[in-house]
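Using numbering that gives the first Met the number 0, read the sequence shown as starting at 0 and increasing by one per residue.
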Amino acid sequence: MSSKTIFSGFGGQGVLMMGYSLAHSAMSTGYHTTYLPSYGAEMRGGTANCTIAIAEEEIASPISSEPDYLVVMNTPSLYSFQNKLTSGGLMFLNASIIDARPSRQDIEVYAVPCGEIAEGLGDIRAANIVMMGAFLRKTALVTLDTYLKSLETIMGSKKRKAMETNTKALAAGYELLKTS
């Protein structure tokens, strides 16, 4: 098993946290993992993306010119990264704020209304975790339990309320793509 994923969006959407938590989860599972973040100089609202490589063998390069998976949280990221996704790859897009759809016909696209789902759970900030639930449903790179344990380790034990919301958000995203 070897896969590369790009998470992309605006700063403040939790894009880097999505990548870091996936990398941590994969590492906890015993895989070799790399995490390569990239972000603009702005504190919030600037560009943010990261590349995650997960493999059973050592990883030669953390850079991915043709990732297997692409998560786009905003429209500029759709336009910036859609043509990098490998043919047959999976794209997860934040349907809450992205009206456009990719121009490619050779990829699978999952439009996830993660903002609406997170708002329904009472915290829009959990939109990235809703997306992670959908992502993990279709990719099965790590289990939900492993992901939640990693998330709790990353966030620390003092964030119980946030972990309750994140647990619900992850389950909601996972269940959303149950039949598709």
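Cβ atoms here follow ideal geometry from the backbone N, Cα and C, with glycine treated the same way.
Open item on the list: In the DSSP output, what is residue 93 paired with across the bridge?
Closed with: 111
Open item on the list: Please list the terminal residues of the continuous beta strand (DSSP E) segment that includes residue 8.
Closed with: 1-9
Open item on the list: Let me make sure I understand the geometry here. Which of 168, 30 and 129 has the alpha-carbon closest to that of residue 56?
Closed with: 30
- [ ] Can you tell me which of 104, 95 and 75 puts its alpha carbon nearest to the alpha carbon of residue 118?
- [x] 95
Task: Given 8 Å, three or more beta-carbon pairs between the region 68-78 and the region 96-106 - done: yes
Open item on the list: Within 8 Å, do at least three Cβ pairs link the region 86-95 to the region 103-113?
Closed with: yes
TODO: Mark residue 3 as exposed unless 16 or more other C-beta atoms lie within 10 angstroms of its C-beta, in which case mark it buried.
DONE: buried
TODO: State the DSSP-derived secondary structure class of residue 75, mapped to helix, strand or coil.
DONE: helix
Open item on the list: Please return the same chain residues whose Cβ sits closer than 7 Å to the Cβ of residue 137, not counting the five positions on each side in sequence.
Closed with: 89, 109 and 176
Task: Straight-line Cα distance separating residue 59 from residue 1 - done: 11 Å
Task: Reduced DSSP secondary structure (H/G/I, E/B, other) of residue 59 - done: coil
- [ ] Examine the Cβ distances between the region 137-153 and the region 21-30 and report whether three or more of them are shorter than 8 Å.
- [x] yes
Open item on the list: Tell me the rounded alpha-carbon separation between residue 27 and residue 45.
Closed with: 30 Å
Open item on the list: So, for residue 141: in the same chain, excluding its five sequence neighbours on each side, which residues have a beta-carbon less than 6 Å away from its beta-carbon?
Closed with: 24, 25 and 28
TODO: To the nearest angstrom, report how far apart residue 9 and residue 82 are at their CA atoms.
DONE: 19 Å
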